[in-house]
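Okay, so here's the structure we're looking at.
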Amino acid sequence: MAANLDRLIKEIRDLSAAEKSELARRLDEEAVFDDQSWYWTPQWQAAEKEADEDIAAGRVHRYNNADDAIKFLNEQRERPSGEDQ
Numbered sequence: 118m119a120a121n122l123d124r125l126i127k128e129i130r131d132l133s134a135a136e137k138s139e140l141a142r143r144l145d146e147e148a149v150f151d152d153q154s155w156y157w158t159p160q161w162q163a164a165e166k167e168a169d170e171d172i173a174a175g176r177v178h179r180y181n182n183a184d185d186a187i188k189f190l191n192e193q194r195e196r197p198s199g200e201d202q
């Protein structure tokens, strides 16, 4: 295995800058571990985009502790729809 790695390292060193850049891009795409693959699904990425938009628009709440957050969520559940927060 060490010999194979040494051969690969030599081959990588011989690549042009553009080829090294392309190699890095492809390796980055392949570096998604099985236990993290859920993050890269289209559904999760859409939710990430929505969350980023909410944060940018200021549609976020901050709490000092979990109890305050749970209290807020319970109040939202009990509030009639259409009522402002």
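First residue of the sequence shown: 118, per the numbering used here; consecutive thereafter. Where a beta carbon is used, it is the ideal one built from N, C-alpha and C, also for glycine. Values in this document were obtained by computation on a predicted structure and should not be read as measured data.
Within its chain, find whatever has a CB closer than 8 Å to the CB of His178; leave out the 5 residues flanking it on each side and keep chain order.
Ala186 and Phe189
Nearest-angstrom Cα separation, counted from Ser154 out to Ala134
In this structure, the straight-line span from the alpha carbon of Ala134 to that of Ser154 is close to 29 Å.
I need the DSSP call for Ser154, collapsed to helix, strand or coil.
helix
Spatial distance of Asn182 from Glu192 (CA atoms):
16 Å
Sorted by chain position, which residues of the same chain lie with C-beta nearer than 8 Å to Lys137's C-beta, five sequence neighbours on each side aside?
Cβ within range, chain order: Ile129.
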